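Undergrad: Have a look at the structure that comes next, please.
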Amino acid sequence: MKGFTLWFTGLPSSGKSTLARRVEQVLLERGMNVEVLDGDEVRETFSKGLGFSKEDRDTNIRRIGFVAKLLSRNGTVAITAAISPYRETRDEMRKAIGRFVEVYVQCPIDVLKERDVKGLYKKALAGEIKHFTGVDDPYEAPAKPEVLVESDRESEEQSVAKIITTLETLGYIPRVPGTDYSPAEEEAIKTRLKDLGYI
Amino acid sequence: MALKWFQQPSERACVVGLDGVPFSMVKRFVAEGVMPRLGAIIASGAAFRETTVSLPEISSVSWSSFMTGKNPGEHGIFGFTDLHPGTYTQSFPSFRDLKCDTIWDRLGEQKMRSVVINQPATYPARPVHGALVSGFVAVHLDKSVFPARYLRQLREINYEIDLDAELVRDNPTALFRALHELLRVREALMDILWKEEKWNLMEVVITGTDRLHHFMMDAYEDTAHPNHKDFLDYYRAVDAFVGRVHDRFVADASEPRNFFVLSDHGFCRTHHEVNINTVLAQHGFLKMSGDDPKRLENISEAAVAFGLDPSRIYLHRRGRYPRGGVDDSRADALMNEISEAFLALRHDGEQIIRKVFRGRDVYSGAASANGPDLILLTKAGFDLKGRLGAPDVIATRRLQGMHTWDDAFVVTGRTDLVPHGRELTLLDVPAMLVASLGLEPAHA
């Protein structure tokens, strides 16, 4: 089994870490080796001391990318869940890693401000936190991510299914035998074929 | 086989598939001015030829042949349904069951990008070097799109995979509204991908034509039919669509002759349905045991053959099926007997089956062993069905139209690539298509 990197990107609190953990669970159940490199955790460990200037952010992402690359080439699925706001740096990681699947967790900023589970947007808008992505720091959305997740419109289950299906479609993870069509899909197909007189 | 360049690639090719549109219908509509744009393309020098298609003559088989350039014995798709190996349990082959590369894969090896929209038998979507949106029998849009990033744009244009057959079957107004809407969303999607993808091959399939024929083939021939004008108007809309795609292609392409329009099978009026398993049962070839004769799982050890939709006959072979008892030594004699029984079939004095093909004669390749032993070809109007437990051989038709093996068509500007001196088959089209892009045909 070859490894690969599943790279989540998106604004703060858009749902990257939650989805990363959900996908991790699915892949573990399928017998794969998985490591999650969560942005918040990384900044507490091997990126401790880095700030939020563009330079420091890029350094942080390059460190995450470097570890993801090592994991990927040794048969592990590396899942990264960091804001990774700059397109150029993400593309640099894509090029360096090779087997790279980008998941853009999209959520409108107004919804995030409303949601604000960690209270960070409130603080950033009040000026208590500087360099907050989406408020006073830029976020460059991916032009062509492999997966686009709309976390304000989809359930977690739908988003996870979309990611897993893409990984299967790309051949990065094996399909579970006999699961090409769910029972509900088979019924839907049967109905369509009957309606057109094919069966 | 490996591809070799034998000339500089032409920049682009474009394919419009018109599912189930007969050669004879196009000929008539061009002559009568219903399809003036296609008529103009033909009048400007494009070849317009009749083709025969794969057996059995259904979309999943034909489009699989088109997309691979191979016969079913190689690509492994013999119908919309099959049986799970070694069982009597019905299965529904998917795009993932295709046993060989597609022409899009082969183009991708040469870094050439394909855009494929709504081609049947491409569900669930799988990666292509370019973009693919699955057609019939696709169920969920989420699994129909590669790359998945296009999903949002599909939703924005209210993209639909197919019409709701149950809703439109007895409601002509809803049917025509749905057909025009499907045409709109195909074009809207094509517009998006035309601009966003740096493509070499653009392919879009219109399946509304097939749906219209199934539900309302009578409105084509009967000029007094209340929906005859609607039928023609839909074809005018399809023709205008073909014209717009052609205009756009000619404006964009360095080789404007690389334009193809084709159908995957012909179509005709249905007069009767014919239950092939009832024929087999009446002649003693098929015997059932158990309570429910409508389930193949209840086939008896004494059965020597059974049928699957629409026209496939399988010998109940030992080793291939759990209760199969037919040895290879008996196979030829049984096939002869079964063929004779079908060829002798009459309704009101009219012969129903015009030819019985042997699988080994029409299929070649590693997957041939999974195919039927016999394939029946009917006379126009007799629609074959594989249903089990039907009391009568002849049944009332449920739909107005049925597929035909012949009377399909291709139009192409690449007259230099059209084989001369023989009839064309559907398999000639992918060969011409890849050659138009400067690649060596895989099955030449």
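Chains as they are written, first to last, in the numbering used here: chain A, 49 to 247; chain B, 751 to 1194.
We put the beta carbon where it would ideally sit given N, CA and C, even for glycine.
Fair warning: this is a prediction, and the values are worked out from it, not measured in the lab.
Out of B:R1067, B:H1022, B:R998, which has the shortest C-alpha to C-alpha gap to Q1150 of chain B?
TA: B:H1022
Undergrad: Where do the ends of the beta strand (DSSP E) carrying E1047 of chain B lie?
TA: Premise fails: E1047 of chain B is in no beta strand (DSSP E) and is neither H nor E.
Undergrad: Tell me the rounded alpha-carbon separation between L962 of chain B and I911 of chain B.
TA: 15 Å
Undergrad: Assuming H825 of chain B is part of the alpha helix (DSSP H), what are its boundary residues?
TA: Run containing H825 of chain B: 822–825, per the alpha helix (DSSP H) assignment.
Undergrad: Under 9 Å between the Cβ atoms of T768 of chain B and L943 of chain B?
TA: Looking at the sequence provided, one finds Leu at residue 768 of chain B rather than Thr. No.
Undergrad: Relative to the alpha-carbon of G113 of chain A, which residue among A:T214, A:T217, A:T181, A:I145 has its alpha-carbon at the smallest distance?
TA: A:I145
Undergrad: Take I247 of chain A and list the residues in its own chain whose beta-carbon comes closer than 6 Å to its own, dropping the five residues that flank it on each side.
TA: L241
Undergrad: Run the CB neighbour count on M751 of chain B, radius 10 Å, all protein chains shown included, and call it buried at 16 or more, exposed below.
TA: Annotation note: pLDDT 36 at M751 of chain B (below 50); position unreliable, coordinate value reported separately. Exposed: under 16 other Cβ atoms inside 10 Å.
Undergrad: Would you tell me roughly how many angstroms separate the C-alpha atoms of T959 of chain B and D1157 of chain B, rounded to the nearest one?
TA: Pairing T959 of chain B with D1157 of chain B, the inter-Cα distance amounts to about 15 Å.
Undergrad: What is the DSSP secondary structure of L913 of chain B, reduced to helix, strand or coil?
TA: coil
Undergrad: Short check: CB of H1088 of chain B to CB of I1063 of chain B, under 9 Å?
TA: Before going on, a small fix: residue 1088 of chain B reads as Ile here, not His. Contact: yes.
Undergrad: Anything in the segment 830–857 of chain B with a Cβ closer than 7 Å to a Cβ of chain A? List those residues in chain order, please.
TA: F830, T831, F842, S844, R846
Undergrad: Going along the chain, which unbroken runs of the alpha helix (DSSP H) with 4 or more residues stay wholly within the segment 782–865 of chain B?
TA: 786–793, 809–818, 822–825, 853–859
Undergrad: Ends of the beta strand (DSSP E) at Q154 of chain A?
TA: 148–154
Undergrad: Name, in chain order, the residues that DSSP records as bridge partners for L1036 of chain B.
TA: Answer by DSSP bridge pairing: none, since L1036 of chain B is not bridged.
Undergrad: Whose Cβ in chain B lies nearer than 7 Å to the Cβ of E188 of chain A?
TA: In chain order: nothing, as chain B lies at least about 16 Å away.
Undergrad: Thinking P870 of chain B and F896 of chain B are a contact (beta carbons under 8 Å), I'd like their distance in whole angstroms, please.
TA: Rounded, the Cβ-Cβ distance is 16 Å, inconsistent with contact.
Undergrad: Cβ of A236 of chain A less than 9 Å from any chain B Cβ?
TA: yes
Undergrad: Verify whether the separation of the beta carbon atoms of E150 of chain A and E204 of chain A is less than 9 Å.
TA: no
Undergrad: On a CA-only basis, which of B:V866, B:N921, B:L901, B:D847 is nearest I211 of chain A? Give me that one, please.
TA: B:L901
Undergrad: Rounding to the nearest angstrom, what Cα-Cα distance links M1152 of chain B and S884 of chain B in this structure?
TA: 23 Å
Undergrad: Helix, strand or coil, according to DSSP, for K1135 of chain B in the structure here?
TA: strand
Undergrad: Cα separation between F981 of chain B and R919 of chain B?
TA: 15 Å
Undergrad: With 8 Å as the C-beta to C-beta threshold (strictly closer), list the residues of the segment 792–810 of chain B near chain A in chain order.
TA: I808
Undergrad: So what does DSSP say about A218 of chain A, is it helix, strand or coil?
TA: For clarity, residue 218 of chain A is Leu in the given sequence; the question names Ala instead. Three-state result, L218 of chain A: coil.
Undergrad: For R1172 of chain B, does the count of other Cβ atoms within 10 angstroms reach 16, so buried, or fall short, so exposed?
TA: Around the beta carbon of R1172 of chain B, fewer than 16 other beta carbons lie within 10 angstroms, which makes this residue exposed.
Undergrad: Between the alpha carbons of L1176 of chain B and M817 of chain B, how many angstroms are there, rounded?
TA: 10 Å
Undergrad: Determine which residues of the segment 893–923 of chain B have a Cβ less than 8 Å from any Cβ of chain A, and write them out in chain order.
TA: K893, F896, P897, A898, R899, L901, R902, D912, A915, E916, R919
Undergrad: Can you tell me the Cβ-Cβ gap for D1102 of chain B and F1132 of chain B, rounded? I've got them flagged as a contact below 8 Å.
TA: It should be noted that the sequence gives Ile, not Asp, for residue 1102 of chain B. Sure, about 5 Å apart at Cβ, within 8 Å.
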